[in-house]
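Asks:
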Amino acid sequence: MKIVRISNAAIQPDQELAALTGLGGGALASFTGIVRDDGGVTAIELEHYPSMTEASLYRLIEAATARWTLLGAVITHRVGIIPVGAPVVVVGTSSLHRAEALEATAFLIDRLKTEAPFWKREHYADGSAKWVEAKASDEARAERWV
Amino acid sequence: MKIVRISNAAIQPDQELAALTGLGGGALASFTGIVRDDGGVTAIELEHYPSMTEASLYRLIEAATARWTLLGAVITHRVGIIPVGAPVVVVGTSSLHRAEALEATAFLIDRLKTEAPFWKREHYADGSAKWVEAKASDEARAERWV
Amino acid sequence: MKLVYFATVREAIGLSSEECHVPQDACTVGDLVARISARSEEHARALHDLSRLRFALDQEMVTGDTLLGAAQELAIFPPVTGG
Amino acid sequence: MKLVYFATVREAIGLSSEECHVPQDACTVGDLVARISARSEEHARALHDLSRLRFALDQEMVTGDTLLGAAQELAIFPPVTGG
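Residue numbers (my numbering), protein chains in the order written: chain A, 1 to 146; chain B, 147 to 292; chain C, 293 to 375; chain D, 376 to 458.
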C-alpha cells in the first residue's frame with residue numbers, strides 16, 4: 001500500500017493516515033509538518049513541479065520499502081497558499097514492529113525535504129513575501145540515510 | 147502540555163493527538179501500537195499497576211522534555227481486553243522542528259516498553275491465553291537512549 | 293508493608309496483594325523477597341528466580357539491592373510488556 | 376528541448392518555461408545552462424551561480440555534469456524547501 005497525494009485543499013492528517021490501519025501492522029508512525037508563525041509569517045506558499053512531484057514522492061516510498069519491511073506508506077503534501085497552523089505535509093508508515101515504521105517515517109520526511117521538488121515562500125502581514133532558503137541542517141539529516 | 151491517559155475503552159489516535167495541534171509547533175510526530183493477529187491471537191489483555199502507571203508515564207514525558215525541546219507530549223495507553231486491529235498505545239509529541247518530535251516519539255515508546263508497568267497476555271480462539279515474554283530486542287532499543 | 297503482585301507472579305502466588313511484617317534483618321528488597329518466598333510452595337515457585345523478577349518500591353522501579361527504608365508498598369512482577 | 380523554471384529562477388528569468396534548441400557542442404546539463412545564460416541579462420543573473428542551482432532532466436534530479444542525451448525537458452531551480 002503506497003499512496004502519494006498532492007492537494008491544493010486543506011489536509012486532515014487522520015484521513016490521510018486512515019489507509020494505514022487494517023493492514024495487519026502492529027505499528028503505525030507518522031509525521032505532520034505544520035505552518036509555523038515564524039517571525040510574523042501569516043501563510044506560506046508552496047510551489048511544485050507538477051509533472052515530477054508525485055513520481056519523486058513515490059520514489060522515496062520505493063526507497064523506504066527497499067530498506068525496511070513496511071506494510072504501507074503514505075505521503076500527502078499540500079501546495080498553494082497554506083495558512084499558519086495548517087498541515088503542509090503528512091507522512092505515515094505501517095509495519096509489523098515499531099523500529100521499521102519509526103525509522104522509515106523519519107527517512108521519508110528527511111529525504112522529502114532535500115529531494116522532492118517543492119519550494120516555499122513565506123508571506124508576511126505587510127504583504128511582502130520571501131523565498132525560504134534551503135538549510136544545511138536538512139542536508140545533514142538527509143545524509144544520515146545515505 | 148503533558149498528557150497521560152489510561153483508558154479501559156477504545157482509543158482513537160487522532161482524538162488523543164488533538165491536544166498537540168495549536169501549540170505553535172511546526173512538527174508533530176506520533177506512534178500508534180496496534181494489536182496484531184499474531185499466530186491466531188484474537189485479543190490481548192493488558193494488566194497494569196494502577197497506582198503507578200500514570201506517574202510512570204508522566205516520568206517518561208519529563209525525561210523526554212528534559213532531553214528535547216518539546217511543546218507538548220501525549221501518551222495514552224489502553225488496558226483490559228483489546229481486540230485485534232485496535233490501538234493499544236498512542237504516543238505523540240510536538241516541537242518547533244522535526245528532529246525533536248521524531249526522536250522524542252521513538253524515545254517515549256522505546257522506554258515505555260521496558261519501564262511502564264503493563265503486562266500483556268495473548269488470547270487465542272480456543273480460549274487459551276499466554277503471557278507475553280519481555281523481548282531482548284526491546285531492552286536493546288531502550289538502551290540506545292541511556 | 294503491603295505486597296502487590298502482577299501478571300505471572302500474581303497468578304503463581306494466587307493473590308493480588310497481601311500484608312507483610314518487615315523483619316528486622318530484611319534491609320533490602322532482595323532480603324524481603326527471600327523471606328516472602330518461605331510463605332508457601334506457591335510463593336517459593338513464583339519468587340525463586342530473582343533475575344526474572346522486577347520490583348517497585350512505593351511505585352518507583354528499584355533493583356533487588358535497594359534499601360527498604362520506610363517504604364509502604366513493594367510490588368513484585370515479571371519484566372514489563374506494555375505498549 | 377523544453378526548459379522549465381521554478382521559484383527564484385522562474386522569478387528572475389520572468390518565465391515559467393521556454394523552448395531551446397540544444398546546440399551540438401552542449402553535451403552536459405552544465406554546458407546547456409551556460410548557453411542559456413547568454414539569452415538575456417535576466418537569464419545571466421538567474422543562472423550565474425551553478426552551485427546554487429539544481430537540475431532535473433526529464434523529471435529526474437541530476438547534477439551539472441549529467442549528459443543531456445535525448446532528454447526532452449530540463450528543469451532549473453534552487454535547492455528544494457518543501458515539507
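The beta carbon of each residue, even a glycine, is placed where N, CA and C say it ideally should be. These numbers were taken from a predicted model, which means no experiment stands behind them.
At a CB distance below 7 Å, what residues from the segment 109-136 of chain A approach chain B? Give them in sequence order.
Replies: Flagged, chain order: Ile109.
Asks: Helix, strand or coil for Ser51 (chain A)? Go by DSSP, reduced to three states.
Replies: The answer is helix: DSSP assigns Ser51 (chain A) an H, G or I state.
Asks: Please list, in chain order, the residues of the segment 193-204 of chain B that have any C-beta partner in chain C closer than 8 Å.
Replies: Taking 8 Å as the Cβ-Cβ cut-off against chain C, the residues of the segment 193-204 of chain B that qualify are Glu193, His194, Tyr195, Ser197, Met198, Ala201, Ser202.
Asks: Between His223 (chain B) and chain C, is the shortest Cβ-Cβ distance under 8 Å, so that the two count as touching?
Replies: Yes, its Cβ sits closer than 8 Å to a Cβ of chain C.
Asks: Spatial neighbours of Tyr49 (chain A) within its chain, please: C-beta separation below 6 Å, excluding the five flanking residues on both sides.
Replies: Excluding residues within five positions, the ones whose Cβ falls inside 6 Å are Pro117.
Asks: If distances are taken between C-alpha atoms only, which option among A:Ala99, A:Gly24, A:Glu103, A:Val35 comes closest to His77 (chain A)?
Replies: Nearest of A:Ala99, A:Gly24, A:Glu103, A:Val35 to His77 (chain A), Cα basis: A:Val35.
Asks: Taking 8 Å as the cut-off, decide whether the C-beta atoms of Ile255 (chain B) and Gly374 (chain C) are in contact.
Replies: Cβ atoms of Ile255 (chain B) and Gly374 (chain C): not closer than 8 Å.
Asks: Sort out for me which residues DSSP pairs Glu448 (chain D) with in a bridge.
Replies: Bridge partners of Glu448 (chain D): D:Lys377.
Asks: Give, in chain order, every residue of the segment 87-108 of chain A whose Cβ lies closer than 9 Å to some Cβ of chain D.
Replies: Those residues of the segment 87-108 of chain A that come within reach of chain D (Cβ to Cβ, closer than 9 Å) are Val88, Val89, Val91.
Asks: Please return the same chain residues whose Cβ sits closer than 7 Å to the Cβ of Ala387 (chain D), not counting the five positions on each side in sequence.
Replies: Same-chain partners within the cutoff: Glu417, Arg420, Ala421.
Asks: With which residues is Ser241 (chain B) paired in a DSSP beta bridge?
Replies: Its beta-bridge partners are B:Ala173.
Asks: With a threshold of 8 Å between beta-carbons, can Thr69 (chain A) be considered close to chain B, or not?
Replies: Judged by the 8 Å Cβ criterion, Thr69 (chain A) is not in contact with chain B.
Asks: Starting from Pro453 (chain D), find everything on chain A with Cβ-Cβ shorter than 8 Å and list it in chain order.
Replies: In chain order: Trp119, Trp131, Ala134.
Asks: Taking the straight line between their C-alpha atoms, what separation do you get for Ile451 (chain D) and Val408 (chain D)?
Replies: Answer to the nearest angstrom: the Cα atoms are 9 Å apart.
Asks: Would you mind stating whether Gly170 (chain B) and Leu217 (chain B) have Cβ atoms separated by less than 8 Å?
Replies: In contact: Gly170 (chain B) and Leu217 (chain B) (Cβ atoms closer than 8 Å).
Asks: If distances are taken between C-alpha atoms only, which option among D:Glu448, D:Val455, D:Pro453 comes closest to Val397 (chain D)?
Replies: Selected option, being the one with the closest Cα: D:Glu448.
Asks: Within its chain, find whatever has a CB closer than 8 Å to the CB of Glu103 (chain A); leave out the 5 residues flanking it on each side and keep chain order.
Replies: Around Glu103 (chain A): Trp68.
Asks: Rounded to whole angstroms, what's the CA-CA distance from Gln161 (chain B) to Ala209 (chain B)? Just pull it up for me.
Replies: Computed Cα separation, rounded: 24 Å.
Asks: Just to confirm my understanding: we take Val455 (chain D), look at its own chain, exclude 5 residues before and 5 after, and list those with CB closer than 8 Å. What are they?
Replies: Closer than 8 Å at Cβ, skipping near neighbours: Arg429.
Asks: Rounded C-beta distance between Ile11 (chain A) and Ile44 (chain A)? I'm assuming under 8 Å.
Replies: In fact, because the Cβ distance is near 14 Å, the residues do not count as touching under 8 Å.
Asks: Got a sec: which bits of the segment 24-36 of chain A sit with their beta carbon under 7 Å from any beta carbon on chain D, in order along the chain?
Replies: Going along the segment 24-36 of chain A in chain order, one finds Gly33 with a Cβ nearer than 7 Å to chain D.
Asks: Are the beta-carbon atoms of Gly33 (chain A) and Val89 (chain A) separated by less than 8 Å?
Replies: In this structure, Val89 (chain A) lies closer than 8 Å to Gly33 (chain A) by Cβ.
Asks: Please compile the residues from chain B whose C-beta is within a distance smaller than 7 Å of the C-beta of Thr300 (chain C).
Replies: Here the neighbours are Trp277.
Asks: Flag Gln434 (chain D) as yes if its beta-carbon sits less than 8 Å from any beta-carbon of chain A, otherwise no.
Replies: Gln434 (chain D) counts as touching chain A.
Asks: Using only CA atoms, which one of A:Pro13, A:Arg141, A:Ala99 lies nearest to Phe31 (chain A)?
Replies: Out of A:Pro13, A:Arg141, A:Ala99, A:Pro13 has the C-alpha closest to the C-alpha of Phe31 (chain A).
Asks: By the criterion of Cβ-Cβ separation under 7 Å, what are the contact partners of Gly168 (chain B) in chain A?
Replies: Those are Gly85, listed as they occur along chain A.
Asks: Could you give the first and the last residue of the continuous alpha helix (DSSP H) run that contains Leu163 (chain B)?
Replies: Start and end: 159-163.
Asks: Kindly identify the DSSP beta-bridge partner or partners of Ala43 (chain A).
Replies: BP columns for Ala43 (chain A) point to A:Pro83, A:His123.
Asks: What do you reckon, are the CB atoms on Thr358 (chain C) and Thr300 (chain C) nearer than 8 Å?
Replies: Not closer than 8 Å, so no.
Asks: Which residues in the same chain have their Cβ closer than 8 Å to the Cβ of Ile207 (chain B), if we skip the five residues on either side of it in sequence?
Replies: Result list for Ile207 (chain B): Lys148, Val150, Ala219, Ile221, Leu254, in chain order.
Asks: Can you give me the start and stop residues for the beta strand (DSSP E) that Arg151 (chain B) sits inside?
Replies: Taken as a continuous stretch (DSSP letters only), the beta strand (DSSP E) holding Arg151 (chain B) covers 148-153.
Asks: In chain B, which residues lie with their C-beta within 9 Å of the C-beta of Arg141 (chain A)?
Replies: Here the neighbours are Arg244, Ala245.
Asks: By DSSP, does Gly405 (chain D) sit in helix, in strand, or in coil?
Replies: Helix at Gly405 (chain D).
Asks: What is the rounded straight-line gap between the Cα of Gly172 (chain B) and the Cα of Lys120 (chain A)?
Replies: For Gly172 (chain B) and Lys120 (chain A), the distance between alpha carbons rounds to 14 Å.
Asks: Relative to the C-alpha of Leu432 (chain D), which residue among D:Ser412, D:Ala413, D:Gly405, D:Asp400 is closest?
Replies: Nearest C-alpha to Leu432 (chain D): D:Gly405.
Asks: For Ala348 (chain C), which residues in chain B fall below 8 Å Cβ to Cβ?
Replies: Result: Tyr195, Met198, Pro263.
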